[in-house]
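In the working numbering, the protein residues as written are 16 to 413.
Backbone N, C-alpha and C fix where the C-beta goes; we use that ideal spot for every residue, glycine too.
See structure below.
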């Protein structure tokens, strides 16, 4: 019985930190229309998020971060996502990016994250390069999908490395050597590209650099086990796993509010051509119950798996490939079960859900944008299944 109680406690996370998210949640919900229309998190809301230190959840304590555990991180992101998916997405993205402080020399980490309003954002770039030069790199390229970049203080530009003569630098295994260059937001040129179906408030725009000098100590590898300075359990897990947990939290939060909103619709709506209210329809009752069960089960799989892995990390272990596979399958499953729940509610609500500004309409768009992003793509199940059968697979995004 004691073990069961301990396990249940492990799933609840740090209630004091989660309470910060609960306290901010009404402000997030109130800003929803503004976020959607202006495609930005408004300044007043950013003030509240910074006051609650929600951008510093995964930042090391050595740089004045909270350095919380991933179960608590899931709960915080899910709580915010119940009110607005874009805000939760920005917090999840910023949390993973902040873990880069663990790979920087401490004075550099403190210089970048010393500002209590510091936020790091980054995104991929297909045609980019960093050319070695004295003391650092000359960086050129265009990067996109920089979620939260418009309110960030620093940006990360991920680059393959080239020698001064243009020869690509290679790893020992023959793969290109890559590093992420950290630059101040004011040093980049922005292009507004974020006109999207959902997650509009993330402002995941495009930025560019042209032969911009980046000092060597302002570059990192995202391979957490190669240059990590911090010894805490969070940094023996890596940012990739935290992204998976966080974005699963976004999806579960969207689905939770969607089902709650649907119940309110069903209690009052008489569908055209029907004799009674929607809630009395047996098909709808069954569908709602199945959506609820699947969402709870998928959410529980994420929390249970992460809590068990966290115990090993706290005991001094580093995350294993098998554990990474478990988190990957749990997170991807949660995202898609959340999408199924939202789809049920949207379809069952009928024409009520199609109007711009209705909560079901917005959440339908948001969840379908989540599933299109790297962490939500269904192809991850192929990787998991192949690994289970002993096939040699690419574990880059596991």
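Within the same chain, show all residues whose beta-carbon is closer than 8 Å to that of residue 140, passing over the 5 residues directly before and after it, in chain order.
-> 156, 157, 158, 159, 172, 173 and 174
Does DSSP put residue 138 in a helix, in a strand, or in coil? strand
Fill in: In DSSP terms, what residue 230 is bridged to
151
Problem - Residue from 312, 132 and 46 whose Cα sits closest to the Cα of residue 78 - result: 132
Item to complete: Could you check how far apart the C-beta atoms of residue 86 and residue 154 are, in whole angstroms? I think they sit under 8 Å.
Response: 37 Å between Cβ atoms; not a contact.
Practice task
State the Cα-Cα distance for the pair residue 142 and residue 278, rounded to the nearest angstrom.
Solution key: Here the alpha carbon of residue 142 sits roughly 48 Å from the alpha carbon of residue 278.
Check: Where do the ends of the beta strand (DSSP E) carrying residue 197 lie?
Finding: 193-199
- prompt: For residue 113, which residues does DSSP report across the bridge?
  reply: Answer is none; residue 113 lacks a bridge partner.
Where the beta strand (DSSP E) containing residue 411 begins and where it ends:
Judged by DSSP secondary structure, residue 411 falls outside any beta strand (DSSP E); it is assigned neither H nor E.
Give a yes or no on whether the C-beta atoms belonging to residue 103 and residue 265 are separated by under 8 Å. Remark: C-beta atoms of residue 103 and residue 265 approach each other more closely than 8 Å.
Practice item. Tell me whether residue 203 sits in a helix, a strand or coil according to DSSP, three-state version. Key: coil
Using a Cβ-Cβ cutoff of less than 8 Å, which residues in the same chain neighbour residue 130 once the five nearest sequence positions on both sides are dropped?
168
Task: Residues near residue 84 in its chain [Cβ-Cβ closer than 6 Å; skip 5 each side] - done: Same-chain partners within the cutoff: 325.
Can you tell me whether residue 20 is helix, strand or coil according to DSSP?
A caution first: residue 20 carries a pLDDT of 39, below 50, which makes its placement in the model too unreliable to give a value.
Since residue 208 is in the beta strand (DSSP E), which residue starts that stretch and which ends it?
Unbroken run through residue 208: none, as it is neither H nor E.
How should residue 312 be labelled, buried or exposed, when 16 other C-beta atoms within 10 angstroms of its C-beta is the threshold for buried? exposed
Every unbroken beta strand (DSSP E) inside the region 327-402 [3 residues or more]: none
**Prompt:** Apart from the five residues just before and just after residue 206, which ones in its own chain have a Cβ nearer than 6 Å to its Cβ?
**Reply:** 221
Quick one: grab the DSSP three-state call for residue 175.
In this structure, residue 175 counts as strand in the three-state DSSP scheme.
Exercise. Can you have a look at residue 246 and say buried or exposed, based on whether 16 or more other CB atoms are within 10 angstroms of its CB?
Key: exposed
Could you tell me the boundaries of the alpha helix (DSSP H) in which residue 48 lies? 47-53
Fill in: Which of helix, strand or coil DSSP assigns to residue 88
helix
Practice prompt. Closer than 6 Å by C-beta to residue 377: which residues in its own chain qualify, once you throw out the five before and the five after it? Chain order, please.
Written response: Taken in chain order, the list of residues that qualify is empty.
### Query
In the structure shown, what three-state DSSP assignment does residue 157 receive?
strand
Could you compute how far the alpha carbon of residue 380 sits from the alpha carbon of residue 201?
32 Å
Compare the beta carbon distance of residue 282 and residue 271 with 8 Å and say whether it is the shorter of the two.
No; because the gap between Cβ atoms is not below 8 Å, this pair is not in contact.
Exercise. Assign residue 145 to one of two classes, buried (16 or more other C-beta atoms within 10 Å of its C-beta) or exposed (fewer than that).
Key: It counts as buried.
Looking at the structure shown, is residue 44 part of a helix, part of a strand, or coil, going by DSSP?
helix
- In this structure, what does DSSP give as the bridge partners for residue 35? For residue 35, which the question treats as bridged, DSSP gives no partner whatsoever.
_Classify residue 97: buried if its beta carbon has 16 or more other beta carbons within 10 angstroms, exposed otherwise._
buried
CA-to-CA distance, residue 49 to residue 414, given in whole angstroms: Nothing can be reported for residue 414: it is not among the residues displayed for the chain, which extend from 16 to 413.
How many Å lie between residue 17 and residue 46 at the Cα? Only weak support is given to the placement of residue 17: the predicted model assigns it a pLDDT of 39, under 50, and the question is left unresolved by the model.
request  = Can you check DSSP and say which residues form a bridge with residue 220?
outcome  = 161
- Query: What does a CB cutoff of less than 6 Å around residue 90 pick up in its chain, not counting 5 residues either side in sequence?
  - Reply: 28 and 33
Among 251, 166 and 408, which one has its Cα closest to the Cα of residue 334?
-> 251
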